[in-house]
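Presented below is the structure to which this report refers.
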Amino acid sequence: MALCNPKLSINSIPSSSSSSTSASFPPPRHISSLFLFRRRRRRHPYPASLSASKKPGLLRLLARAHDKDSDPISWIPRRPGTAGKRTDIQKIMILGAGPIVIGQACEFDYSGTQACKALRDEGYEVVLINSNPATIMTDPGLANRTYIGPMTPELVEQIIAEERPQALLPTMGGQTALNLAVALHESGALARYGVELIGAKLDAIRCAEDRDLFKKAMASIGLKTPPSGIANTIEECASVADEIGGFPLIIRPAFTLGGTGGGIAYNRGEFESICRAGLAASLTTQVLIEKSLLGWKEYELEVMRDLADNVVIICSIENIDPMGVHTGDSITVAPAQTLTDKEYQRLRDYSVAIIRKIGVECGGSNVQFAVNPVDGEVMVIEMNPRVSRSSALASKATGFPIAKMAAKLSVGYTLDQIPNDITKKTPASFEPSIDYVVTKIPRFAFEKFPGSQPILTTQMKSVGEAMALGRTFQESFQKAVRSLECGYAGWGCAHIKELDWDWEQLKYSLRVPNPDRIHAIYAAMRKGMKVDEIHDLSFIDKWFLSQLKELVEVENFLQTISLDQLTKDDLYEVKRRGFSDKQIAYATNSTEKEVRTKRISSGVIPAYKRVDTCAAEFEANTPYMYSSYDFECESAPTKMKKVLILGGGPNRIGQGIEFDYCCCHASFALRQDGYETIMMNSNPETVSTDYDTSDRLYFEPLTIEDVANVLEIERPDGIIVQFGGQTPLKLAVPIQQYLEEKKLMSANGTGPVRVWGTSPDSIDAAEDRERFNAILNELQIEQPKGGIAKNEADALSIASNIGYPVVVRPSYVLGGRAMEIVYTDEKLLKYLETAVEVDPERPVLVDKYLSDATEIDVDAMADSEGNVVIGGIMEHIEQAGIHSGDSACSLPTKTVSNKCLDIIRSWTIKLAKRLGVCGLMNCQYAITASGDVYLLEANPRASRTVPFVSKAIGHPIAKYASLVMSGKSIYDIGFTSEVIPKHVSIKEAVLPFEKFQGCDVLLGPEMRSTGEVMGVDFDFHVAFAKAQIAAGQKLPVDDGLLGNKKTVFLSLNDLTKPHLASIADGFLQLGFRLVATSGTARVLELENIPVERVLKMHEGRPHAGDMLSNGEIHIMVITSSGDALDSIDGRQLRRMALACKIPLITTVSGALATVKALRSLKHNSIKMLALQDYFHSVEEELDLRAASSTI
Amino acid sequence: MSKNLVTIIPRAKQPISLSGFFPLVPLDSESLTPPPFLPSHWMAQVHASYADCTSTSLVSRRLRRFHPSFTGFTLSSPHVHVRLHMHSTSHVSTSPSPNSSPPHFYKSMKGGSTLLSGCDDSVSTERPWKTSDARLVLEDGSVWMAKSFGASGTQIGEVVFNTSLTGYQEILTDPSYAGQFVLMTNPHIGNTGVNLDDEESNQCFLAGLVIRSISMCTSNWRCSEALGDYLKKQNIMAIYDVDTRAITRRLREDGSLIGVLSTDESTTDKELIEMAHKWKIVGVDLISGISCEAPYNWSEKTDTEWEFKTGSDYREEFHVVAYDFGIKHNILRRLASYGCKVTVVPSKWPASETLKLNPDGVLFSNGPGDPAAVPYAVEIVKDIIGKAPVFGICMGHQLLGQALGGKTFKMKFGHHGGNHPVCNLRKGCIEISAQNHNYAVDPASLPPSIEMTHINLNDNSCAGLRCPELKIMSLQYHPEASPGPHDSDLAFREFIQLMKGTKS
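In structure tokens, the structure reads:
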């Protein structure tokens, strides 16, 4: 008898579908032991029912063996939790993470989505609240009740009162949800409505998040934490610093995410300012000041525990950047590479002890350790009692769905009762083993925040990350570098700027952690710096440096040889080290195409390996793959009709979760329509890289080489490039060229492989300024005057022709990168000198800036037959000139005349037809005060607003568009006319200024927001207020204490002064006290509006800044004059407002909308309504459900 | 004697059948003299002949280093190495060997062996990688080109995979791997080098190491030697740059395979495959070759730095006699940590002699190979059970199973890894365990008085037994960890309590 054969084992019988755990996987433990006893009884001639006296000796022995009392070892009773799924709760509330901010990105959409699906699978009713409309989790079909709106304790309590859930799951929504849960407990709301916290109890949250309690807890289990002290005031901070003695010191605020408000202080001055910021940032005004362990190795372990107290470690992660850099900003590698078993097991023991001590009763947690590289001393840094960014990474790195498991554990399952999704046959109670190396590299956006220093500290600053898998560290590292899309085809093999640096610059860059440190390492190695020296400067472990050093050696070798001389074995050796074709081309002085041709003809093609959680120990059919240049390919492509969807790559400002939403929807819709969907992406935070989102998943860089490799093996019917943002769109033309050359036939033999949707040529026509201009002329569509400057003289002459102000920007950019509004010749020249390079290859666009115009965003959809339907028309709250991604907008429009709307509609339809759009298109228009309409921009791809529009109108337009691209007409889908909802949806942007010390907070044509929130109501102003509150603005609604009036600070520049009176009047009527600087005050006085004067900061004291820090100002309206003085004085004031968390409005329209919102808040209280309630008719409801993700 | 068996020039009293699982010496003139670091009287030379090969010739000269206890006198502790404390990765050391710091690269020499050189060598235009110089041939006929490090020569063994992410040094020195090629699924091996503290026995017993990538440099504060150097000294063959995942998948599908590893270019693939076909590991007694030859005492506890025992100090002393079927040092360390005085005895130590020592408990250790091939050990177990509390680990568990009347069978590809979930049926909790066995006890063949206490949740195989009447407990896996998680350490406490209950 072969018990080892899984086919015969009882545990493998159930669960042909992965859908439900409840089926009977595995049978409850008592059954499995019964089974074993039964077998033996069957062998025995005596039935068990015989009386005791007749029992033969052996049987009696057995009976006694089970007599617990006679047992020398005490019988530990089974804990109640082990019984399995809880039946005493039916309705569970899940808290989302709110808008994407730095430190809290799509990974919580991933975890929330998994949690919703898992709990719905188990038959629970799910109530969800999240203010972020761009998430998959807020799809109306995913939860039973979906609330998109502000997440304040008061409003959530309102929802609790309405929905009456029995339990609240706070561990899926990051720090936002955790803090909200604490607040709900403290306000007594949970107790009032009898809501139980599941996943993590309050004591556990407190113990892990409160720095003092955590330290004590660690001491009580004998673990070391860095020498440190807790402070609640600035004075205490100083005394703690004295106690520890010596700088640098690390400041960590309690209850914040991504280390917000924290940092490393090297001197007294810095120390004080960071402590102030930290105290302000902390929910509990508490900071931990600790001795810096700079240079120690940093490790993270992902831990899971169930209610029966079983604990497993999912993944160990090693940070390449040693202590001192936030783990979110570090390059990390899984599994840990430089620990022996004894050392690793010690960390494992500690992690298990910590999760038990903190009392996270079930679910995932993340523990961070610092290890002294000299003697192995271990210190505990911190612990997150929830699913975190690292959990998402660990899930994608190992294939183990942490969030899904955590959700199931929270309702009572134990780990062994849940099957491992990947192998199906083994239980989830195991520790994944991986046979590859995972590298994650963060992506930064310092260039968007002038004035901020590109230095990495304990406060997280990265906006996204790319992950890559490879069989070795070198392979995964190179793939991760090229996944980042920062202009590198890999590590090295390129002429990078660092190579021109002198030693001092290089050494500085090695010493001070910064986003480009890896490139400085490359340059230093090229110039002959030794590994030891680089280690001494950077503290990066020599193991990693030696691996990189070998890459440099390979490059040196390649440079001495020509492409022809490379043998097949050589090519294998080089490709196994992760070099891209482009890199090889650079080093061998050939072209990428030549390298590819040579490589393919030598038979050096990638072998795809699968991610299976068990290092191939068990059979697994997970379609989760990565490329390698090893021997055996496990891809096993099918011959079904299938489609390849290219994702968006790492998140960055301007391209993030919205595009992932579209990709996921495309996958859901086409899967439902009978296609096999294949996803290709490199972003570990997303839902799209979940192994069950698509039929097959390739975790690969989005470059033409990697896409072509996948195309060659999969040969799909169609390729979708317009959903992932600019990244795949840029690949459209190269892919088309490749397809034309190769004449690739689809796997099912029905025709050639094609790019679906709008043809690459049309995409190019819309992106190419000159081609596009010709089309607009032909269609008689107006656009602001402008021209293309190929040099400085061009620019000046264009500007003088059209007149200032002008908008200048480089061509082919996303998110308004380096876009500026310029008012004079000098500024224009300065811009061309400093901001962008201008040459015939990379021209600069100069356009007339339309002052005071209203901006309109339109999402439209067209099918292959030329039918066009408008998805939504949005009116921006901020005037044209503010990047559309940063301005609030409303759907439907509020102030736009029907005449203008008709022009916009007809132009959009005309343009879509002319361009031959198939799928989605986004257009931006400006309407001047005189009512003239201009087209600003048209993009033949899914836009950032698609998820917002879908949720506002109740139609998943990304899904429709994907079906349209597969050949259906809009009539087939049944979406033929524009939907103008009765309710108003407002989108507001969320900006990351507080993370970037020193940069100004003004909005401009360059996009800086990281995320967005949505407010929905039947009233425009309430919807706007909801959006503002959701975005974190603390609107001063109530009267001040003791009847004191609230104060508004006004400082408007000359351009905006015409609107001053109406703004001031609005605040006055709301009972505000007005305070203004001299120029503004003079205008108000002329209008006979009572105002108090206050000095500007450079005018002497007391000035506006003093009032601000004394808490005498409650809301500020500042429009910048943009002059030299303002950029110092005004900036400082604005930064102060940010630090003091005073609502700051920097546009006139924003101010007017805020006044109205405040007015309506004063008269009406906010009422929360589920998204499902806005779509009353049964038909709409059905539409919504059918179209949202498959469960 | 069959063709590929080897003759041993015996130091042991009776001839032992061996099948080529001992470390090799390369077939060159130098190897005729023993390496300088070993006293020559610790060695026995072994000859092998392969009649099937081109001519009856001496294929290789085999070297065997015995356990130190084989010297015939009882050592107070066999832990004879000098402990070195390295306090830095960058500043070493008193170690006599070329050490870990500064990091080393493996530099290729055309057709030659791996050499070490500093990582800061000047730029070379030679190919910065080694070319294939070794073959792994499996009995299914597949030939895998690879690069060798460690010893060279020709070696035969059973290929098993191990999914542990850490602990390659413990695995290399685990005597249970005698006669096997261990394939590590974790691609990077050698990152932390080797150190003197993490040895599980005093030498490497495995037939060879198969990995994806050998670390070109070491990084760890305890490292005293690079893995390649160490394996060379230990005379263990090792290869890298093989698609280990592909081989693992084969092993999963086809079960464990016999393989031949060779750096010898003159032998054809066909000959190597034939060698693989002729070799058998089932039914071979691998234990008597690696067990100690005379009893010795053990008192070294788990180093305080690595101690993970929770709870109170164990002052009470129990005397445990541990049968060495290839015992891992950590079993002994854990017992010592729990306050046991341990006497290690050879695998053939008569039960009567053991009972004369009047032990509080007897431990049957882990060991390599087929439990059915060592009937003498089963007899010893039979003689002891009932007379003293007994704890069996791995091989010991299988022997107990047989002694109790049960059967053992060879599993398809066994359990080798550090992540197997085991359900402790008595406590209802899960332990993540370190496992390393190819054979298992068939629970259906056991008498009903035996309680199954643990099952492996991956395949429901039997992972633990007990019989309170007979004071027996046994585990199929490794509660001593090393490598692996420490979840099952409580088993030692249970053993202590079992002994306590008997003593009082």
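So the sequence lines, in the order shown, correspond to chains A and B. The first sequence begins at 1 in the UniProt record's numbering and counts up by one. The second sequence begins at 1 in the UniProt record's numbering and counts up by one. We put the beta carbon where it would ideally sit given N, CA and C, even for glycine. Only a predicted model underlies this, so the values are computations on that prediction, with no experimental measurement involved.
message: Taking the beta carbon of residue 503/A as the centre, do at least 16 other beta carbons fall within 10 Å, making it buried, or is it exposed?
response: Residue numbering aside, residue 503/A sits at position 503 when the first sequence is read from its first letter. Classification of residue 503/A: exposed, given that the 10 Å Cβ count is below 16.
task: Report the residue from 274/A, 201/A, 256/A, 911/A whose alpha carbon sits nearest the alpha carbon of residue 249/A.
output: Within the first sequence, residue 249/A is the residue found at index 249, counting from 1. The residue with the shortest Cα to Cα distance from residue 249/A is 274/A.
- prompt: residue 338/A touches chain B at which residues, Cβ-Cβ below 7 Å?
  reply: Within the first sequence, the letter at position 338 stands for residue 338/A. Within 7 Å Cβ-Cβ: 191, 192, 219, 220.
query: Which residues in the same chain have their Cβ closer than 7 Å to the Cβ of residue 1192/A, if we skip the five residues on either side of it in sequence?
result: The requested residue 1192/A is not part of the displayed model; chain A covers only 1 to 1191.
- request: Take the Cβ of residue 444/A as the centre, count every other Cβ of all protein chains shown within 10 Å, and call the residue buried at 16 or more, exposed below.
  value: Within the first sequence, numbered from 1, the residue matching residue 444/A stands at position 444. Buried, because 16 or more other Cβ atoms sit within 10 Å of the Cβ of residue 444/A.
field: Cβ of residue 717/A within 9 Å of any chain B Cβ
entry: If you number the first sequence from 1, residue 717/A lands on position 717. No, because no Cβ of chain B sits closer than 9 Å to the Cβ of residue 717/A.
- request: Note down, in chain order, all residues in the region 613-637 of chain A with a beta-carbon under 9 Å from any beta-carbon belonging to chain B.
  value: 614, 615, 616, 617, 618, 619, 628, 630, 631, 632, 634
- request: Could you name the residues of chain B that residue 342/A contacts, counting a contact when the two beta carbons are closer than 7 Å?
  value: Translated into the one-based positions of the first sequence, residue 342/A becomes position 342. Chain B residues near residue 342/A: 198, 306.
Closer than 9 Å to chain B by CB, residue 479/A: Mapped onto the first sequence, residue 479/A falls at position 479. Cβ-Cβ to chain B under 9 Å: no for residue 479/A.
- request: Return no unless some Cβ of chain A is closer than 9 Å to the Cβ of residue 249/B.
  value: Locating residue 249/B in the second sequence gives position 249, counting from the first residue. Yes, residue 249/B counts as interfacial toward chain A.
- request: Return the chain-ordered ranges of every beta strand (DSSP E) run that is complete within the region 821-876 of chain A and spans a minimum of 3 residues.
  value: Counting whole runs of 3 or more residues, the region 821-876 of chain A contains the beta strand (DSSP E) stretches 844-848, 854-862.
- prompt: If you scan the region 256-340 of chain B from start to end, which runs of the beta strand (DSSP E) of 3 or more residues do you find wholly inside it?
  reply: 257-262, 296-298, 318-324
query: Does DSSP put residue 149/B in a helix, in a strand, or in coil?
result: Your numbering for residue 149/B matches position 149 in the second sequence. DSSP places residue 149/B in strand when its eight states are reduced to three.
- request: Can you grab the Cα-Cα spacing for the pair residue 1001/A / residue 991/A, in whole Å?
  value: Working through the first sequence from its first residue, we reach residue 1001/A at position 1001. Working through the first sequence from its first residue, we reach residue 991/A at position 991. Put simply, the backbone Cα of residue 1001/A is about 9 Å away from that of residue 991/A.
- prompt: Interface residues of chain A around residue 188/B at Cβ under 8 Å?
  reply: Walking along the second sequence from the start, residue 188/B turns up at place 188. Result: 337, 437, 472, 473.
- request: Report the residue from 272/B, 370/B, 225/B whose alpha carbon sits nearest the alpha carbon of residue 436/B.
  value: As a working mapping, residue 436/B is identified with position 436 in the second sequence. With distances taken between Cα atoms, residue 436/B lies closest to 370/B.
message: Considering only the alpha carbon of each residue, which of 1021/A, 918/A, 1067/A, 996/A lies closest to residue 892/A?
response: Locating residue 892/A in the first sequence gives position 892, where the first residue counts as 1. Taking only the C-alpha atoms, the option nearest residue 892/A is 1021/A.
- request: May I have the straight-line CA-CA distance separating residue 468/B from residue 388/B, to the nearest angstrom?
  value: As a working note, residue 468/B is residue 468 in the second sequence. As a working note, residue 388/B is residue 388 in the second sequence. Roughly 12 Å separates the two Cα atoms.
Minimum Cβ-Cβ distance from residue 317/B to chain A less than 9 Å: Here residue 317/B corresponds to residue number 317 of the second sequence, with the count starting at 1. Not an interface residue.
message: Contact defined as beta carbons within less than 8 Å: I believe residue 164/B pairs with residue 191/B. What is the distance between those atoms, to the nearest angstrom?
response: In the second sequence, the residue the question calls residue 164/B occupies position 164. In the second sequence, the residue the question calls residue 191/B occupies position 191. Actually they do not touch by this definition, with Cβ atoms about 14 Å apart.
message: Does the beta-carbon of residue 571/A, which I'm using as the reference point, lie nearer than 8 Å to any heavy atom of the ligand SAM?
response: This structure lacks the ligand SAM; in fact it carries no ligand of any kind.
- request: Can you pull the chain B residues whose beta carbon is under 8 Å from the beta carbon of residue 563/A, in chain order?
  value: In the first sequence, the residue the question calls residue 563/A occupies position 563. Within chain B, no C-beta atom comes nearer than 8 Å to that of residue 563/A; the closest sits roughly 15 Å away.
- request: Quick one: list the residues of chain B neighbouring residue 543/A, beta-carbon separation under 8 Å, in chain order.
  value: Here residue 543/A corresponds to residue number 543 of the first sequence, with the count starting at 1. Here the neighbours are 103, 191, 215, 217, 218, 219.
- request: With residue 605/A as the anchor, note down where its beta strand (DSSP E) starts and where it stops.
  value: Locating residue 605/A in the first sequence gives position 605, where the first residue counts as 1. Unbroken run through residue 605/A: none, as it is neither H nor E.
field: Contact list for the region 408-433 of chain B against chain A, Cβ threshold 9 Å
entry: 409, 411, 412, 413, 414, 415, 416, 417, 418, 419, 420, 421, 423, 425, 426, 427, 428, 429, 430, 431, 432
- request: With 9 Å as the C-beta to C-beta threshold (strictly closer), list the residues of the region 381-394 of chain B near chain A in chain order.
  value: none
message: Please return the same chain residues whose Cβ sits closer than 6 Å to the Cβ of residue 1210/A, not counting the five positions on each side in sequence.
response: Outside the displayed range of chain A (1 to 1191) lies residue 1210/A, so it cannot be described from this structure.
message: Threshold first: 3 residues or longer. Then list the beta strand (DSSP E) segments lying entirely within the region 293-345 of chain A, N to C.
response: 297-305, 311-319, 332-334
task: Ignore the nearest five residues each way along the sequence and tell me which others in residue 1037/A's own chain have a CB closer than 6 Å to its CB.
output: Numbered from 1 along the first sequence, position 1037 holds the residue referred to as residue 1037/A. In the same chain as residue 1037/A, and ignoring 5 residues on each side of it, the C-beta atoms closer than 6 Å to its own belong to 1161, in chain order.
query: Buried or exposed: which applies to residue 1018/A, given that a residue is buried once 16 or more other Cβ atoms fall within 10 Å of its Cβ?
result: Numbered from its first residue, the first sequence carries residue 1018/A at position 1018. Classification for residue 1018/A: exposed.
message: Is there a C-beta anywhere in chain A that falls below 9 Å from the one on residue 492/B?
response: Along the second sequence, read from residue 1 onward, the residue named residue 492/B stands at position 492. Answer no: the Cβ-Cβ gap between residue 492/B and chain A never drops below 9 Å.
task: Would you be able to state if there are at least three C-beta pairs under 8 Å between the region 664-675 of chain A and the region 731-742 of chain A?
output: no
- request: Please confirm if residue 1197/A has its CB atom under 9 Å from at least one CB of chain B.
  value: Lying outside 1 to 1191, the shown extent of chain A, residue 1197/A is not represented and no answer is given.
message: Only counting the same chain, and skipping five residues up and downstream in sequence, which positions put a Cβ closer than 6 Å to that of residue 168/A?
response: By 1-based counting over the first sequence, the position of residue 168/A is 168. So the list reads 93, 195, 197, once near-sequence residues are dropped.
query: Which whole-angstrom value is the C-beta distance of residue 1108/A and residue 1142/A, which I expect to be below 8 Å?
result: On the first sequence, position 1108 is the one that residue 1108/A refers to. On the first sequence, position 1142 is the one that residue 1142/A refers to. Confirmed, Cβ separation roughly 7 Å.
query: Going by alpha carbons, who is nearest to residue 932/A out of 791/A, 789/A, 782/A, 1152/A?
result: By 1-based counting over the first sequence, the position of residue 932/A is 932. Taking only the C-alpha atoms, the option nearest residue 932/A is 782/A.
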